[in-house]
Each structure stands twice: as structure tokens, then as C-alpha cells.
Amino acid sequence: MAQQVRGVIAPGKGEPVRIETITIPDPGPGEAVVQVQACGVCHTDLHYREGGINDEFPFLLGHEAAGIVESVGAGVTEVAPGDFVILNWRAVCGQCRACTRGRPWYCFNTHNAERKMTLADGTELSPALGIGAFADKTLVAAGQCTKVDPAASPAAAGLLGCGVMAGIGAAINTGNVGRGDSVAVIGCGGVGSAAVLGARLAGAAKIIAIDLDERKLAAASGLGATHTVNAKDTDVAEAVQKLTGGFGADVVIEAVGRPETYKQAFYARDLAGTVVLVGVPTPEMKLELPLLDVFGRGGSLKSSWYGDCLPSRDFPMLIDLYLQGRLDLDAFVSETIPLDGVEAAFEKMHHGDVLRSVVVL
């Protein structure tokens, strides 16, 4: 039977978010209703509010979430009512050319719930990244639910649903950081700081955190950075080369998503090194590089989609590391807030005051 719950809605481009009553339908085949326990406030939610993703308003915001499966539709076998799950926005299909070649983390046919959540008047909502978890409950495809150990804190676990996984995965999965490598991370917000943590997990010997904000550099140091560079008054490529014997880093992770910082990453890497772009550019941005430099320096230029993660593989492993005390997810939770605190959290995020504000329900 359909339920009515609270949800945070972005009604129109640039308008402040507000709490509305939303209707959650019963789950259809392959779907699940999840009682949300916690959901991080991510830059992507702000992009939705500003119309930077698309114009399919109104949006039901929120996607970095963990909670309890309440009910499932026909044919669902991967999760059951009562399971503690992290929500993800790339439910793999298992049948596309990437999946059938054994590369499901590149799935080209990810899917979401087909039934629609609505406002009380019947207006259909567009859930952020197919999730919409700034709500007491949400409807998702069952494949968007990954069962993990319920001993984990929902506020920390939910962050694997987007930003933290993107950063850790950029280092471990996309960048293939190995023991003894040197790594530079440009941009130390939530994703970049997670990339620092991922590089440490992978055994990097030198991890150079780069940002304009000393607060973020201090946080990156706490997560495993061995050196910091304030880019405000320093040539980034020169600084990284100086810290790596004049060569450059083996892996440089660009977590900003701007042409200027991508060029810094390109020239801060060693010959035959790897650049990983995990920061998300805007549509109008263009990159210009001498083609001879691209050829002559060799190596790899990669883009990291969601940290090239496979939720069913990576989420349980990372939660196990968290529960063993080897992965400090709690360090990313700057504050916990109620459902009506999202608009204020956007402002704090804009000013760089937090790594993550987390809505706790």
C-alpha cells in the first residue's frame, strides 16, 4: 500500500529546497522500499538544485544513503526486508557488453526503479541519481541496495554511496596505486580526501595533498597525506616534482574537474605515470594540451566513473575495514543534521566548512 513520508524537494532552478509530503508506491518487480537512516549532503545534490544536471524538476534530493530494506517486489533475491544496505546509483544490468566481458563496473545499462514517487498532488518526482534519499523512505531498484554489516554507523556507511567511494576507487581501482608508489591528489574536498585515504590503503609511500584551503590540507594530513602543497602561491607541478626527486608522481588524481587543475595533474606526473580525473567538469569546459606532450610523456590518462567500483564487491570489503578500525569513515562526517538542515548544509559546503554534513533520520 502506498505510503506518505517527508522528503526534501528542489522545486525549481536555484530555488531553496523545502520539505514536502511525498508518496512512496509499493515496490514493483525488481524494486525495494528502503527506510533511510542517514544520507550525506553531496555537491551533486547542489548541482541538481542549480539545474546543472538536467531540468527535470521537481527533484527529490539525496543519494549518499544507508538504511533498512522495508519491502521488496516480485523477483528480488539479492536483499530482503530487514537487511542493512548502502544505496548506490549504478545498479548493474549483468547483460550489456561491459557486464558480459567481465567488467560490470563499467556497466552501460544501469537502471533505477520504474515506479514513480510523487508529491501529494500526483506530480512525479525525479530522484537524484535515481535514489532520492533525503526522505524517511525511498523507492529504488533492488540492485541499488548493497547489503553490508549492520554494525556499521549509517552516517559513515552511507558516504560510500557516492563521494567517499569515488575517491577511494579513483586511487585503488582506476589509478591502480600500488605499494611504494608516489601519489598526488589535487583538490581535497570529500572526494579528494577519500582519494588520499585510498592511496594510503593501497600502500603508497608518498601522498601529496594539494589544495587552496589549509583546513582541507590539515584534514588530508589526518587521513594519510605525507606532504601538503598550498596551490595558492606555489606552482603545483614544480612542487610535486621537487617532492618526488624531480620526476613527478606515479599517480596524480584530479578531484576538482577544471581544465587548469587537469593541466597541473598532467605535468605533475612522472613519465609513463597515470592521471585520474575524478572531479566532474561542467559541459562548457574545454581542455587544450600540446599533442606532442601527450604522446611524449606516455602513461595513462583515465577518467574514473564512481571510482570504477562494483558495489557488491567493494562496499562490504570497505565496511569490514571500517569495522576493523583500518578505514576511518567517521572522519568524513563533519556534522549530523536533521532533514530541514539541507539548505544550510549547502551553504557550509560552498564555503568549504565541512567534508560532509549528514542528514540523520
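Residue 20 in the UniProt record's numbering sits at position 20 of the sequence shown; the count goes up by one each step and never skips.
Here a beta-carbon is modelled for each residue, glycine too, at the ideal position from N, C-alpha and C.
Treat the numbers as computed from the prediction; the structure is a model and nothing was measured.
Next item on the list: Pick helix, strand or coil for T23, following the three-state DSSP scheme.
Entry: Assignment of T23 by DSSP, reduced to helix, strand and coil, places it in the strand class.
Item checked: Entirely enclosed beta strand (DSSP E) segments - the stretch 203-290, minimum 3 residues -> You should have 206-211, 227-230, 249-254 and 269-277.
Next item on the list: For the alpha helix (DSSP H) containing V196, list its first residue and its last residue.
Entry: Segment G190 to L201, the alpha helix (DSSP H) holding V196.
Margin query: Please tell me whether C188 and A209 are closer than 8 Å, where the distance is taken between their beta carbons.
Written below: In this structure, C188 places its C-beta atom within 8 Å of the C-beta atom of A209.
Item checked: Secondary structure of F59, DSSP reduced to three states -> Here F59 sits in strand by DSSP.
Note to self: Can you tell me which residues form a DSSP beta bridge with R6?
What the structure shows: Looking at the DSSP assignment, R6 forms a beta bridge with T21.
Notebook entry, point to check: At a cut of 8 Å, does the stretch 59-77 reach the stretch 24-34 through at least three beta carbon pairs?
Noted result: Proximity of the stretch 59-77 to the stretch 24-34 meets the contact definition, three or more beta-carbon pairs being nearer than 8 Å.
Margin query: DSSP has S126 in a bridge; who is on the other side?
Written below: S126 pairs with F59.
Next item on the list: Pull up the distance between the alpha-carbon of V240 and that of L217, whole angstroms please.
Entry: Per the coordinates, the alpha-carbon of V240 lies some 15 Å from the alpha-carbon of L217.
Item checked: Residue from S334, A225, L60 and L125 whose Cα sits closest to the Cα of I186 -> It is A225.
Next item on the list: Please confirm if the stretch 114-126 is in contact with the stretch 286-299, defined as three or more CB-CB distances below 8 Å between the two stretches.
Entry: Contact fails: fewer than three Cβ-Cβ distances are below 8 Å.
Margin query: Quick test of your reading: E15 and L159, contact by CB under 8 Å. State the CB separation rounded to the nearest angstrom.
Written below: Rounded to whole angstroms, the Cβ separation of E15 and L159 is 27 Å, and the two are not in contact under 8 Å.
Next item on the list: On the DSSP bridge assignment, give the partners of F108 in chain order.
Entry: F108 has no beta-bridge partner at all, per DSSP.
Notebook entry, point to check: What does F84 pair with, by DSSP beta-bridge criteria?
Noted result: Partner residues in the beta bridge of F84, as assigned by DSSP, are I68.
Check: What do you get for K206, buried or exposed, if any count of 16 or more other CB atoms within 10 angstroms of its CB means buried?
Finding: With 16 or more other Cβ atoms inside 10 Å of its own Cβ, K206 counts as buried.
Check: alpha helix (DSSP H) containing S153: first to last residue?
Finding: Per DSSP, S153 belongs to no alpha helix (DSSP H) and is neither H nor E.
Check: If we call anything under 8 Å between Cβ atoms a contact, is V183 one with A237?
Finding: When the beta-carbon positions are compared, V183 and A237 stay at least 8 Å from each other.
Item checked: Enclosing beta strand (DSSP E) for C39 [first to last residue] -> Where C39 is concerned, the enclosing beta strand (DSSP E) stretches over E31 to G40.
Check: Is L339 helix, strand or coil by DSSP?
Finding: Assignment of L339 by DSSP, reduced to helix, strand and coil, places it in the helix class.
Notebook entry, point to check: Is it true that the CB of V276 sits closer than 8 Å to the CB of A170?
Noted result: The beta carbons of A170 and V276 sit closer together than 8 Å.
Next item on the list: Starting from the Cα of V280, find the closest Cα among D55, L271, V252 and Y262 and give me that residue.
Entry: Comparing C-alpha distances from V280 to each of D55, L271, V252 and Y262 shows the shortest one belongs to Y262.
Item checked: Nearest residue (CA-CA) to S334, options V41, I131, F315 and V196 -> Among V41, I131, F315 and V196, the Cα nearest to that of S334 is on V41.
Item checked: Residue interval of the beta strand (DSSP E) (run including I186) -> Boundaries of the beta strand (DSSP E) around I186: S182 to I186.
Notebook entry, point to check: What do you get for H351, buried or exposed, if any count of 16 or more other CB atoms within 10 angstroms of its CB means buried?
Noted result: Per the 10 Å Cβ criterion, exposed.
Margin query: In the DSSP assignment, the alpha helix (DSSP H) including L355 goes from what residue to what residue?
Written below: Per DSSP, L355 belongs to no alpha helix (DSSP H) and is neither H nor E.
Notebook entry, point to check: Given I19, which residues of its chain have a CB within under 8 Å of its CB, disregarding the five upstream and five downstream residues?
Noted result: Same-chain partners within the cutoff: R6, G7, V8, I9, L339 and D340.
Next item on the list: Return the Cβ separation of L287 and P259 in integer angstroms, given the expectation that the two are a contact with Cβ distance under 8 Å.
Entry: Yes, they are in contact, since the Cβ atoms of L287 and P259 sit about 5 Å apart, within 8 Å.
Next item on the list: Would you mind stating whether V191 and G161 have Cβ atoms separated by less than 8 Å?
Entry: No. Outside cutoff.
Checklist line | Neighbour-count burial assignment, T100, 16 or more Cβ in a 10 Å radius | finding: Exposed is the call here.
Item checked: Member of A120, S153, C96 and V92 whose CA lies at the smallest distance from the CA of C145 -> For the options A120, S153, C96 and V92, the alpha carbon positioned closest to that of C145 is the one of V92.
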